[in-house]
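Peer 1: I am attaching a structure below and will ask some questions about it afterwards.
Numbering (full-length UniProt numbering), first residue to last: 1 to 667.
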């Protein structure tokens, strides 16, 4: 049996595959102890842990530790003269008109930042050797006295030569064996000093949290008789054995959103759809990504709470517009949705758990797109009266009725998601009208048609059981490892040979790691180059197949870079302008067997033939009861166990042979 468990902000989702049979379940999350929610899901699904051979897990533990500042007590060690790098940051201002603007606070106090005498040049040569006497007599006693749980090391130009960092880490671990050490050459061996330092500090900050969480999770599994493989989802869209997270926990930062994109890609491929815009609308946020030819783009960097993190992540844009996002009026009298959320505790007002503030879910209950008796296939009854009461104050302040306030909140949530989609499409040189919209998450299919109309998208692909696609993605994810390095060199005849030599070293290191983790079998390789015109501040990715390297020329690289530059900036650059390589990322992938077809879970709920949505009659349709090719014209609500799809007037839906629901705009 293979099981995927994804812990979200409001619900914990489980998908299990047992001898070709697929089971799905959703249970409320337990924010204070996410692992409890995971085991509740196993219990609700009736799955004994000893029967599971492959368990894949994704959670927001690392992200929440940063957002809520509940990470470890850490120290930071830098080259002499650079202890303030985490506080100086960059010279930009995120809010240029805010007189009280303050830069994001790093996860370490200034008094916990230390220096060591040493200096390496950008070419890797040694300017000043590491002063080991200072490390022994000054740094190590200070670390011992500080009561730290982890230490982050980021020495100048360690991306060019890690020798000093390696020696410093060795000395600290020998003197203080219980202290976890994160070194920048292992976490983010790339240039840009502040970003590298921030990533390393955050990795040290969350490492003890992740270790403790995985220890508890693993111990509970072992106590229940589990002896199978335990993997954790990474931000790059691939999984790795849980033991690998002991070295670099920051790679699991956005595991939940990444799993959703992977699940969406796998399910869309069954309907021969490779060009997608996915949006995952869960309880606390909406995550948007663009998929081209069946592949999601990778971003070299992301940020959490304003702090940059230099690690490969799926190019996902997140906005605070989930089902639990609070609807409120700001000081200027304007209606707002998010980013604050009611979460799992107390949850939306309609959940009846003590919440009183209106949320997007309450707005759906008020307008009728969520029927209180049909939530989670009838397994959870909602309080419609509480949802109406929650909107009374908002309606009064807006000068409208409760229905009008709820409709306005929905329109604003739609606008927020449309803007996020534009960030990953039009601002990346892609026309959203050339893509199918694939909504998932518990709330995604409710807004899909309205979002598509705003963007001019005419086709929507709704997967079966859309509320648990992230858990499905966990099971669909391959084992993936990405290694990036900085290699700054002008584009010339010798550049392809330099790239090939770097790839050979990275391939050997990565395949050795796979072998050490027991990941045997056929491996696939990928390569992405970071290139730019000389003088540009930032680079753009250029994809090259490793198999092409033997015959690749500088002219080939220049041509591919010009095409990538044209797509992003709408021009290929001035003729004759010099191009340079800045860095590269090499990937190794071990593919897993495809999952069997996932069918919509039957709820067994009896329902009337119609219901009212904003005062207009709408057909009620059982998602599990729809046969292939059976058409449903709007207005209609297609109700499933994990989500409801709203088909507005002017749209028609039909289930295809792969089990996906295709919605098309009429006319």
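The beta carbon of each residue, even a glycine, is placed where N, CA and C say it ideally should be.
(1) What alpha helix (DSSP H) runs, 4 residues minimum, are completely inside the stretch 407-480?
(2) Whole-angstrom Cβ separation of residue 554 and residue 644, contact assumed at under 8 Å?
(3) Kindly indicate which residue of 266, 201, 143 has the alpha-carbon position closest to the one of residue 84.
(4) The alpha helix (DSSP H) spanning residue 171 covers which residue range?
(5) Can you tell me which of the three DSSP states residue 47 falls into?
(6) If residue 286 sits next to residue 319, beta carbons under 8 Å apart, how far is it from one beta carbon to the other, in whole angstroms?
(7) Could you tell me the alpha carbon to alpha carbon distance between residue 50 and residue 62, rounded to whole angstroms?
(8) Looking at the secondary structure, which residues open and close the alpha helix (DSSP H) in which residue 566 lies?
(9) Compare the beta carbon distance of residue 112 and residue 75 with 7 Å and say whether it is the shorter of the two.
(10) Hey, how far is the Cα of residue 291 from the Cα of residue 557?
(11) Measure the CB-CB distance between residue 281 and residue 420 and report whether it falls below 7 Å.
(12) Report buried or exposed for residue 331, applying the criterion of at least 16 other Cβ atoms within 10 angstroms of its Cβ.
(13) Is the beta carbon of residue 477 less than 7 Å from the beta carbon of residue 288?
(14) If you drop the 5 nearest sequence neighbours on each side, which residues of the same chain put their C-beta closer than 6 Å to that of residue 353?
(15) May I ask you to list the residues that DSSP assigns as paired with residue 241?
(16) Thinking residue 17 and residue 475 are a contact (beta carbons under 8 Å), I'd like their distance in whole angstroms, please.
(17) Under a three-way DSSP split, which group does residue 132 fall into?
(18) Just the Cα atoms here: how many angstroms apart are residue 398 and residue 162?
(19) Looking at residue 367: is its Cβ nearer than 7 Å to the Cβ of residue 407?
(20) Report yes or no: do three or more beta-carbon pairs, one from the stretch 195-214 and one from the stretch 432-451, lie closer than 8 Å?
(21) Among 642, 539, 36, 519, which residue has its Cα nearest to the Cα of residue 439?
(22) Closest to residue 481 by CA distance: which of 499, 591, 422, 333 is it?
(23) Assign residue 606 to one of three DSSP states: helix, strand, or coil.
(24) Whole angstroms is fine: what's the gap from residue 394's alpha carbon to residue 375's?
(25) Have a look at the DSSP bridge pairing and note the partners of residue 359.
(26) Counting beta carbon pairs with one atom in the stretch 223-240 and one in the stretch 25-32, are three or more of them shorter than 8 Å?
(27) Suppose the cutoff is 8 Å on Cβ atoms and the five residues either side in sequence are ignored; what does the same chain contact list for residue 423 look like?
(28) Are the CB atoms of residue 191 and residue 89 nearer to each other than 7 Å?
(29) For residue 153, which beta-bridge partners are listed by DSSP?
Peer 2: On the basis of the supplied data:
(1) Entirely contained in the stretch 407-480, the alpha helix (DSSP H) runs reaching 4 residues are, in chain order, 444-455, 469-476.
(2) For the purposes of this step, residue 554 is identified with residue 554 of the chain shown, where counting begins at 1. For the purposes of this step, residue 644 is identified with residue 644 of the chain shown, where counting begins at 1. Not a contact, Cβ separation roughly 55 Å.
(3) Counted from its first residue, the chain shown places residue 84 at position 84. For residue 84, the nearest C-alpha among the options comes from 201.
(4) Start at 1 with the first residue of the chain shown, and residue 171 comes out as number 171. Its alpha helix (DSSP H) spans residues 163-175.
(5) Residue 47 sits at position 47 when you count from the first residue of the chain shown. Residue 47: coil per DSSP, three-state reduction.
(6) Locating residue 286 in the chain shown gives position 286, counting from the first residue. Locating residue 319 in the chain shown gives position 319, counting from the first residue. Correct: roughly 5 Å between the Cβ atoms.
(7) Stepping through the chain shown from its first residue, residue 50 is reached at position 50. Stepping through the chain shown from its first residue, residue 62 is reached at position 62. Going from the Cα of residue 50 to the Cα of residue 62 covers about 27 Å.
(8) What you label residue 566 is simply residue 566 of the chain shown in a count that begins at 1. Where residue 566 is concerned, the enclosing alpha helix (DSSP H) stretches over 554-569.
(9) As a first step, residue 112 is located in the chain shown; it is residue number 112 there, counting from the start. As a first step, residue 75 is located in the chain shown; it is residue number 75 there, counting from the start. It is a contact, given that the beta carbons lie within the stated cut-off.
(10) By one-based count along the chain shown, residue 291 stands at place 291. By one-based count along the chain shown, residue 557 stands at place 557. Rounded to the nearest angstrom, the two C-alpha atoms are 24 Å apart.
(11) Start at 1 with the first residue of the chain shown, and residue 281 comes out as number 281. Start at 1 with the first residue of the chain shown, and residue 420 comes out as number 420. Against a cut-off of 7 Å, the Cβ pair of residue 420 and residue 281 comes out as no contact.
(12) Reading the chain shown from its first residue, position 331 is the one you call residue 331. It counts as exposed.
(13) Position 477 of the chain shown, counted from the start, is the residue given in the question as residue 477. Position 288 of the chain shown, counted from the start, is the residue given in the question as residue 288. Contact: no.
(14) Locating residue 353 in the chain shown gives position 353, where the first residue counts as 1. Excluding sequence neighbours, residue 353 sits near 346, 347.
(15) Looking up residue 241 in the chain shown gives position 241. DSSP output for residue 241 lists 231 as bridge partner(s).
(16) On the chain shown, position 17 is the one that residue 17 refers to. On the chain shown, position 475 is the one that residue 475 refers to. Residue 17 to residue 475, Cβ: 6 Å. Contact.
(17) Counted from its first residue, the chain shown places residue 132 at position 132. Note: residue 132 maps to helix in three-state DSSP.
(18) Indexing the chain shown from 1 puts residue 398 at position 398. Indexing the chain shown from 1 puts residue 162 at position 162. Their Cα atoms are separated by approximately 60 Å.
(19) Mapped onto the chain shown, residue 367 falls at position 367. Mapped onto the chain shown, residue 407 falls at position 407. For residue 367 and residue 407, yes; Cβs fall inside 7 Å.
(20) Contact between the stretch 195-214 and the stretch 432-451 is absent, with fewer than three C-beta pairs closer than 8 Å.
(21) In the chain shown, residue 439 corresponds to position 439, counting from 1. Measuring from the Cα of residue 439, the nearest candidate turns out to be 642.
(22) As a position in the chain shown, residue 481 is number 481, starting the count at 1. Out of 499, 591, 422, 333, 591 has the C-alpha closest to the C-alpha of residue 481.
(23) For the purposes of this step, residue 606 is identified with residue 606 of the chain shown, where counting begins at 1. Correct three-state label for residue 606: coil.
(24) By 1-based counting over the chain shown, the position of residue 394 is 394. By 1-based counting over the chain shown, the position of residue 375 is 375. Spanning the two alpha carbons is a distance of roughly 25 Å.
(25) Locating residue 359 in the chain shown gives position 359, counting from the first residue. For residue 359, which the question treats as bridged, DSSP gives the partners 326.
(26) no
(27) Within the chain shown, the letter at position 423 stands for residue 423. Same-chain partners within the cutoff: 288, 317.
(28) On the chain shown, position 191 is the one that residue 191 refers to. On the chain shown, position 89 is the one that residue 89 refers to. No, the pair does not count as a contact, with Cβ atoms beyond the cut-off.
(29) Here residue 153 corresponds to residue number 153 of the chain shown, with the count starting at 1. Residue 153 is bridged to 77, 183.
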